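Residue 82 in the working numbering is what sits at position 82 of the sequence shown, and the numbering runs on without skipping anything.
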Amino acid sequence: MNNTNVMELDIGPSSLDYIKHNRNSCGAWTMQEKVTEKGKTSSRYVRLGCKKWVCPKCGAKKVKRLRHAIIKTAVEKNMRRFLTLTLDPKSCSPEESIYYIKKSWDKFRVYLKRKFGVSVSYIAITELQKSGYAHLHILVDRYIQQSWISANWQAVGGGKIVFITLVDIQRIAGYLSKYLTKELLLGGYKPNQRRYTTSRDIVLFVKKTTGKWKLIKKPIETLFKSRSSRISETSCDETGVLQMFEMELLQPTNSFIWKEPPIESGQLMLL
Ligand SMILES: [Zn+2]
C-alpha cells in the first residue's frame, strides 16, 4: 500500500455537502469518513477533485468559487473602489515583476495606513500581462485621491499608470464577474505564486473545524472496485457518475482503525 496517498483532514460540512460541491470536479481524489447510524458503523467514500488550478475541471471550479467569494465580500463590505497599479518595465524584469510589485504594494500599504490612520481593507488580485509584467487590481473600501495614489505608488517604486474607479453598488457583481475572468485567474502563474491576497480583516473562505476526514489521493472508482464485496450503499449523479459509496465496517466503533495511516496533516477547502 502506498502511504503517501493519504492525509488526515479536519473539516466541517457533512459528506453530503461534498457530493453537492464536488460535482463536475475531476474525481482524482476521494474523501473518507466514518459514519455511525443506528448502531452500525460504516466507512463513507466521497468523490473529490484534485483542487489544482492547473486541472481543467477543478481550475474552472476554483475560478468560479474565488469570483463568487470576492463579489460576496465586496458587496458585504461595500468595497466599491477598484484600484489598478502598474509597473514601469524599466524597474525590473518580467520574471521579477510579481515579487517586485508585491514588495511595492507592501510599502504602499504602510503609506496608506499613515494617511488614514487605520489599515485599509482590500482584496488584491495579481494579473500577469501578455508582456509578462504583473499588474495589481485591488478592491479597496474607501475613496483615495488619484493624484495621491500616483505620487505615492511611484515613491514605492511603482509605475506612472494608476487608475481608481468607483463602481455603483448595484453593478459591483456584474462589473467584477466581467473583470475576474477565467483568463485572469488561471493565466500564467507558477504553483507557488498567489493569485490574490487580502487584508487581515477579510476572510474569503471560511474553514470549519469539526469532523474527521481522510483524503485519499485515489479516484473513488478505484476504491469502489477493491471494496466491491462489502459495499452497502452507492450514490451516482444524474449521468451515472459515482459520487459516494458506503461500506459497513466489521470492527466495533471504538476499535476502528483507518486502513491507510496518515502521513501528513492538512486542511482541504470546499470547492
Ligand atoms: Zn482536478
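Cβ coordinates follow ideal geometry from the N, Cα and C atoms, glycine included.
These numbers come from a predicted model, not from an experiment.
A contact is defined here as three or more CB-CB pairs under 8 Å, and the stretch 120 to 138 meets this definition with respect to the stretch 89 to 106. Distances between the C-beta of residue 51 and the heavy atoms of ligand 1 include at least one below 8 Å. Assigned with DSSP and collapsed to three states, residue 85 falls in strand.
For residue 236, the enclosing beta strand (DSSP E) stretches over residues 231 to 236.
Going by beta carbons, residue 85 and residue 104 fall inside the 9 Å limit. A direct Cα-Cα distance of roughly 20 Å separates residue 28 from residue 231. Shown here, residue 167 sits in coil according to DSSP, grouped into three states, outside any helix or strand. Judged by DSSP in its simplified three-state form, residue 116 adopts helix. With fewer than 16 other beta carbons inside 10 angstroms of its own, residue 151 counts as exposed. Residue 157 holds the alpha-carbon nearest to the alpha-carbon of residue 111 among 33, 71 and 157. The residue from 79, 65, 44 and 33 with its alpha-carbon nearest to that of residue 182 is 65. By the CB criterion at 9 Å, residue 198 and residue 123 fall inside the cutoff. Looking at the backbone, the Cα of residue 138 and that of residue 59 are separated by about 22 Å.
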